[in-house]
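Heads up, the thing below is written out as structure tokens.
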Amino acid sequence: QMEGLQGQIESRTQGGGLSAIIASGEGDYGSFNRGVAGDARGAKLDFATMTVGELQRRQTLPAGHPDRVFAFGKYQIIPDTMTGAVKNLGLDPNTPVTPQLQEQIYQRYLTRDKQPAMRDYIEGKHSDLHAAQDALAGEWASIADPDTGRSRYGDRGGNKASISAGQAATGLIAARKIYADSIAQGFPPEAAWARAVGTGDVHSAQMGLPLGRPADSTHIVERAGSAPQLDLSFKPILNPTTDEAQAGVEP
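Each residue of the sequence shown is one higher than the one before, counting from 205 in our numbering.
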């Protein structure tokens, strides 16, 4: 099931595992909306040319302003979430909003401090898959609620669930296994987490985090079935698709 979903989305987004599952329903590094899913009409922005401060300024512009950005990027981060990320991670307003930064927000904030039920499930601190699914559906509108099978935010802004509860569960179960296996192989917890959520050691290195190779050099080569690595180089989108992010719309 995981491999089938991965095959459907690999042409749309970089990454693997849970990260790619989420992005399949949310967007890519240049995706955005102005408050309603699809209102950018396929347009993309190169957020790497924008600073955190400039992005936050644009996120405060009134509806109808041509420079307004509401939800942005691969994980469709809305203004309140971005404010929380800036505070939680101590981001400098002059920091460029690169793909690496988007992944840092995802890895260190969206899937960890902001959603402890999901974090603790993946880390094996509890076994309540439903709670982890509930957290995932609460964070991203493209992920179906495990109880209803529909987007939790389907009553606003054109949101709909394009990722089933079953697909979300598969991603969470796989992430939990990758985390446990990585710890068993000697990876430090932070590197194990990066692998588990689909960002990998390449992200850790490029974000200035510990590379996280296990002490035993026999494990340095990636094993078959490990979390796919991500090419973080930003590629301009010359022919954007008309598919828009399903999440991050204004209440």
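Positions of the beta carbon are idealized from the N, C-alpha and C atoms, including for glycine.
Subject >> Uninterrupted alpha helix (DSSP H) stretches inside the segment 308 to 346 (no shorter than 4 residues) >> reply: Annotation: the segment 308 to 346 contains the following complete segments of the alpha helix (DSSP H) (minimum length 4 residues), in chain order: 320 to 326 and 333 to 343.
**OP:** Just grab the DSSP bridge partners of residue 392 for me.
**Re:** For the purposes of this step, residue 392 is identified with residue 188 of the sequence shown, where counting begins at 1. Looking at the DSSP assignment, residue 392 forms no beta bridge with any residue, so it has no partner.
**OP:** Tell whether a beta-carbon distance below 8 angstroms holds between residue 238 and residue 274.
**Re:** Along the sequence shown, read from residue 1 onward, the residue named residue 238 stands at position 34. Along the sequence shown, read from residue 1 onward, the residue named residue 274 stands at position 70. Contact: yes.
Original post:
Leaving out the 5 sequence neighbours to the left and right, which residues in its chain are closer than 6 angstroms to residue 420 when beta-carbon positions are compared?
Top reply: Against the sequence shown, residue 420 aligns to sequence position 216. For residue 420, the pLDDT reaches just 32, beneath the cut-off of 50, and the residue's location in the model is therefore unreliable, although a value from the coordinates is still provided. Cβ within range, chain order: 390.
Original post:
Looking at C-alpha atoms only, which residue of 221, 381, 250 and 350 is the closest neighbour of residue 324?
Top reply: Taking the first residue of the sequence shown as position 1, residue 324 is located at position 120. It is 381 whose Cα lies nearest to the Cα of residue 324.
Original post:
Does the segment 313 to 329 touch the segment 245 to 264, meaning 3 or more C-beta pairs lie closer than 8 angstroms?
Top reply: no
Subject >> Minimum Cβ-Cβ distance from residue 253 to chain B less than 8 angstroms >> reply: Judged by its chain identifiers, the structure shown contains no chain B, having just a single protein chain.
**OP:** Since I believe residue 369 is in contact with residue 393 (beta carbons under 8 angstroms), could you give me their beta-carbon distance rounded to a whole number of angstroms?
**Re:** In the sequence shown, residue 393 corresponds to position 189, counting from 1. In the sequence shown, residue 369 corresponds to position 165, counting from 1. Residue 393 to residue 369, Cβ: 28 angstroms. No contact.
**OP:** Would you mind stating whether residue 278 and residue 335 have Cβ atoms separated by less than 8 angstroms?
**Re:** Residue mapping note: residue 278 aligns to position 74 of the sequence shown, counting from 1. Residue mapping note: residue 335 aligns to position 131 of the sequence shown, counting from 1. No, the Cβ-Cβ distance between residue 278 and residue 335 is not below 8 angstroms.
Original post:
Between residue 249 and residue 305, what straight-line distance do the alpha-carbon atoms span, to the nearest angstrom?
Top reply: Here residue 249 is taken as the residue at index 45 of the sequence shown, counted from 1. Here residue 305 is taken as the residue at index 101 of the sequence shown, counted from 1. Distance between the alpha carbons of residue 249 and residue 305: 15 angstroms.
**OP:** Measure the alpha-carbon distance for residue 379 versus residue 322 and round it to whole angstroms.
**Re:** Along the sequence shown, one-based indexing puts residue 379 at 175. Along the sequence shown, one-based indexing puts residue 322 at 118. About 10 angstroms.
**OP:** Would you list, in sequence order, the uninterrupted beta strand (DSSP E) runs of no fewer than 3 residues that lie entirely inside the segment 273 to 303?
**Re:** List check, beta strand (DSSP E) in window: nothing returned.
**OP:** Tell me where the alpha helix (DSSP H) around residue 245 begins and ends.
**Re:** Along the sequence shown, one-based indexing puts residue 245 at 41. Taken as a continuous stretch (DSSP letters only), residue 245 belongs to no alpha helix (DSSP H), as it is neither H nor E.
**OP:** Please determine, among 356, 281 and 395, the residue with the shortest C-alpha to C-alpha distance to residue 232.
**Re:** Residue 232 sits at position 28 when you count from the first residue of the sequence shown. Minimum Cα distance to residue 232 is reached at 281.
Original post:
Terminal residues of the continuous alpha helix (DSSP H) containing residue 161?
Top reply: With the chain covering 205 to 455 only, the question about residue 161 has no answer from this structure.
**OP:** Look at the Cβ atom of residue 401, then the Cβ atom of residue 221, and state whether they are nearer than 8 angstroms.
**Re:** Counting from one through the sequence shown, the residue named residue 401 turns up at place 197. Counting from one through the sequence shown, the residue named residue 221 turns up at place 17. Yes; because the gap between Cβ atoms is below 8 angstroms, this pair is in contact.
**OP:** Return the first residue and the last residue of the alpha helix (DSSP H) that residue 239 is part of.
**Re:** As a working mapping, residue 239 is identified with position 35 in the sequence shown. Taken as a continuous stretch (DSSP letters only), residue 239 belongs to no alpha helix (DSSP H), as it is neither H nor E.
**OP:** Tell me, to the nearest whole angstrom, how far the beta carbon of residue 293 is from that of residue 308; I am working on the premise that it is less than 8 angstroms.
**Re:** Numbered from its first residue, the sequence shown carries residue 293 at position 89. Numbered from its first residue, the sequence shown carries residue 308 at position 104. About 7 angstroms separates the two Cβ atoms, so the contact holds.
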